[in-house]
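Letter by letter, the sequence shown follows residues 692 to 999 of the numbering used here. All residues carry an ideal CB built from backbone N, CA and C; glycine is no exception. Data block below; observations after.
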Amino acid sequence: MNVYVFGSSKLPCAVGMFVVVAVFTLALLLLNSNRVGIRLPYEPKEVYTDALNSTLGFHKIYATYDPVKPAADLLDIQIEYIPRHSLEEATKQREERGYLAPVPDIAEFITHMAIYKDMAEFNIQSALILDSSIDMELDLKMRLASALGNGIATSYDLLFIGREFSEQSEPGVDDATKSSSERCLRHWTKINFLNRQPLAFRTSYPHGTHAYVVNNHLARRLLRRLPSRMTKEEHDLDYVLADTAMLGLSIAYSISPPPITRVAKDSASNGQMQQYLTRSTMYAISLRGDNPNQYSPYLDWLDIWRDD
């Protein structure tokens, strides 16, 4: 009986040819997978480790609302404060310059334009802007590190970390959960939605300016165009940003589920104010308690159902 050893002269030609062809085919597949669009059966997940630093991987973080500081201190986040443009000053400018936009919109435009101007003057490539009373996930850094991997961190003009509305295109949204922002009768469905792996998805019409990132290129464009917006009775900054995404003038992403939410003692006229966090930073430092009249929502999601 003949025993064939791999590599010996007695290896049958057919088997040897099969091995050579298989190795060559696999090497060619690996070499050209990215070039020709062939997808391997797995896609490694890269983690955006820069999100773990004191500016969450962005070049700067601006805040216009001072109560953000306690939560930022707990999470070791470095913030620069930009004072809000006052309604009194906005009223005066509206009268003097003939602006037609509502006074609150003028104040908002001027506040954000001051940030865009700072970005342009100091060549700040990306900035997170926090423009409301907000709350954050306790593991905000880890959520961003996970969501912004695989090159997403460098491929956007706008990134919405917090937002008012959910979208039909948002992964994980269906009739049962509807969104991460609405109450759900089946709380285990909601908590599974909030606990899933955070991800960034391409958004075509986002809403919300309380926690968004803008890059230097778009900040410069907005700085040039926003002054003309104040001369018309049109939409506010929220809609201006959404329009840039809808018209293809910017590449916009949203984080799902949103790890930063607005908190307010009253409901907004638009948007979904009942946004929950898995673990609330403000609740962890006793700035939100069990009194439903204090803030809405007033507890983080895990504590709501802790005794069930």
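Are there 16 or more other CB atoms within 10 angstroms of the CB of P732, so buried, or fewer, so exposed? In this predicted model, P732 has a pLDDT of only 33, less than 50, meaning its place in the structure is not dependable enough to derive any value.
Less than 7 angstroms between the beta carbons of L932 and F800, yes or no? Result no, Cβ atoms of L932 and F800 do not sit closer than 7 angstroms.
Measure the alpha-carbon distance for R953 versus R854 and round it to whole angstroms. Approximately 8 angstroms between the Cα atoms of the pair.
Whole-angstrom C-beta distance between V794 and R788, which should lie under 8 angstroms: With a contact defined as Cβ atoms closer than 8 angstroms, R788 and V794 miss out at about 12 angstroms.
Report the three-state DSSP secondary structure of A891 (helix, strand or coil). In the structure shown, A891 sits in a strand (DSSP, three-state: E or B).
Tell me, please, which residues DSSP counts as bridged to I951. Note: I951 sits in a beta bridge opposite M827.
If you draw a straight line from the C-alpha of D934 to the C-alpha of A910, how long is it? Answer to the nearest angstrom: the Cα atoms are 15 angstroms apart.
Which of helix, strand or coil DSSP assigns to V738: Three-state result, V738: coil.
Do the region 817-837 and the region 749-768 touch if we need at least three Cβ pairs shorter than 8 angstroms? Yes, since at least three Cβ pairs between the region 817-837 and the region 749-768 fall closer than 8 angstroms, the two stretches touch.
A943 versus L850: straight-line alpha-carbon distance, rounded: Taking the straight line joining both Cα atoms gives about 6 angstroms.
Have a look at E769 and L940 and give me their C-alpha separation to the nearest angstrom. With the sequence shown as reference, residue 769 is identified as Gln, and Glu is not the correct amino acid for it. CA-CA distance, Q769 to L940, rounds to 30 angstroms.
For a quick check, are the C-beta atoms of L765 and I976 less than 7 angstroms apart? Taking 7 angstroms as the Cβ cut-off, L765 and I976 qualify as a contacting pair.
Can you tell me whether T740 is buried or exposed, with buried defined as 16 or more other CB within 10 angstroms of its CB? By the neighbour-count definition (other C-beta atoms within 10 Å, threshold 16), T740 is an exposed residue.
Candidates L831, S846, T746 and F749, of which the one nearest R970 by Cα: Check the Cα spacing between R970 and each of L831, S846, T746 and F749: the tightest is with L831.
Would you mind giving the Cβ-Cβ distance between L914 and K751, rounded to the nearest angstrom? I have them listed as a contact below 8 angstroms. 16 angstroms between Cβ atoms; not a contact.
Between I946 and the ligand NAD, is the CB less than 6 angstroms from at least one heavy atom? No copy of the ligand NAD occurs in the structure displayed, which carries no ligand at all.
How about K949 and R834: do their beta carbons lie closer than 7 angstroms? Note on residue identity: the sequence assigns Pro, not Lys, to residue 949. No, the Cβ-Cβ distance between P949 and R834 is not below 7 angstroms.
Could you please give me the residues that DSSP links to V905 through a beta bridge? Beta-bridge pairing links V905 to A818 and L849.
Please classify S971: does DSSP put it in a helix, a strand, or coil? Reduced to three states, the DSSP call for S971 is strand.
Compute the Euclidean distance between the alpha carbons of A902 and D927, then round it to the nearest angstrom. Their backbone Cα atoms lie some 16 angstroms apart in a straight line.
Whole-angstrom distance between P862 and N841, CA atom to CA atom: Each residue's alpha carbon lies about 17 angstroms from the other.
Determine the burial state of P774: buried for a count of at least 16 other Cβ atoms within 10 Å of its Cβ, exposed for fewer. Answer is exposed; the Cβ neighbour count stays below 16.
In chain order, what residues of the same chain have a beta carbon less than 6 angstroms from the beta carbon of G728, not counting five sequence neighbours either side? Note on G728: pLDDT 35, under 50, position unreliable in the model; no value is reported.
Within its chain, find whatever has a CB closer than 8 angstroms to the CB of T972; leave out the 5 residues flanking it on each side and keep chain order. Within its own chain, the residues whose Cβ lies closer than 8 angstroms to the Cβ of T972, once the five positions on either side in sequence are excluded, are A762, L765, L766, D826, M827, E828, L829 and L831, listed in chain order.
For A943, list the residues DSSP reports as bridge partners. L849.
Chain-order list of residues whose beta-carbon lies under 7 angstroms from that of S837 (same chain, five-residue window excluded): The answer, listed in chain order, is V738, Q888 and P889.
For E771, the nearest candidate out of G748, K923, I806 and E779 (CA to CA): That would be I806, whose Cα lies nearest to the Cα of E771.
What is the C-beta distance between I946 and I852, in whole angstroms, given that I count them as a contact (C-beta under 8 angstroms)? The beta carbons of I946 and I852 sit about 5 angstroms from each other, so the pair counts as a contact at 8 angstroms.
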